[in-house]
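Student: Encoded as structure tokens, here's the structure I'll be asking about.
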Amino acid sequence: MSPESIREDVAAQRERYRRADRAQKGRMLDEMVAVTGYHRKAVIRLLRGDRRPCAGRPRPGRPRGYGAAVAEAAKTLWEAAGQMGAKRWHPLVPKLLDRLKACGELAPDAQTEALLRRASVATLERLLAPARERLPRRGRSTTRAGAL
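1178 is the number that our numbering gives the last residue of the sequence shown; the numbers go up by one with no jumps.
Spelled out as structure tokens, the structure:
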């Protein structure tokens, strides 16, 4: 069966499964396992309508303090600084920010600018991690052990 036909079949049988008693549910499960080739527990999840936690749910814990706008502005500053490490680059953030704003290369809103100015070294490293992953890795050393 194709995935679409399985989905249609499951949708048609879901209500029947909810109203069925234990013995009928067992027979329905046996039939669905034979037809779909899925594991029994997977068929149970499909018929019950269980879903994984949806992406629309809010994240648990503390809300993010720095959004995508701050990360994008940090990436622009980092590239202007020659992609150096955050520890060396951190003290230059205010000067770079002023210089890039004056040149028109960067136009952050007031909140983004304030967040960039107060960001710690660790925060800058976290914000730049996705951009650094996309860079090509440095070449490996070709030094080999001697024959001594």
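Think of the CB as a built atom: it goes at the ideal place given N, C-alpha and C, for glycine as much as any other residue.
Measure how close the beta-carbons of Glu1135 and Thr1173 come, nearest whole angstrom, since I'm counting them as under 8 Å.
Tutor: For the purposes of this step, residue 1135 is taken as residue 105 along the sequence shown, with counting starting at 1. For the purposes of this step, residue 1173 is taken as residue 143 along the sequence shown, with counting starting at 1. Not a contact, Cβ separation roughly 40 Å.
Student: Would you mind reading off the limits of the alpha helix (DSSP H) that contains Leu1059?
Tutor: Residue 1059 sits at position 29 when you count from the first residue of the sequence shown. Note, Leu1059: alpha helix (DSSP H), Arg1052 to Thr1066.
Student: Evaluate Leu1165 with the Cβ neighbour count: other Cβ atoms within 10 Å of its Cβ, from every protein chain shown; 16 or more gives buried, anything less gives exposed.
Tutor: Translated into positions along the sequence shown, residue 1165 becomes position 135. It counts as exposed.
Student: How should Val1065 be labelled, buried or exposed, when 16 other C-beta atoms within 10 angstroms of its C-beta is the threshold for buried?
Tutor: Residue mapping note: residue 1065 aligns to position 35 of the sequence shown, counting from 1. Its Cβ having fewer than 16 others within 10 Å, Val1065 is exposed.
Student: Inspect the CB distances between the region 1151–1159 and the region 1096–1103 and report whether three or more fall short of 8 Å.
Tutor: Contact holds: three or more Cβ-Cβ distances are below 8 Å.
Student: Please classify Ala1072: does DSSP put it in a helix, a strand, or coil?
Tutor: As a working note, residue 1072 is residue 42 in the sequence shown. Looking at Ala1072 - three-state DSSP - the assignment turns out to be helix.
Student: Nearest-angstrom Cα distance between Ala1050 and Gly1095?
Tutor: Working through the sequence shown from its first residue, we reach residue 1050 at position 20. Working through the sequence shown from its first residue, we reach residue 1095 at position 65. Near 49 Å, if we compare the C-alpha coordinates of Gly1095 and Ala1050.
Student: Ignore the nearest five residues each way along the sequence and tell me which others in Glu1120's own chain have a CB closer than 7 Å to its CB.
Tutor: Position 90 of the sequence shown, counted from the first residue, corresponds to residue 1120. Rather than Glu, the amino acid found at residue 1120 in this sequence is His. Within the same chain, His1120 has close Cβ partners Val1151 and Leu1154.
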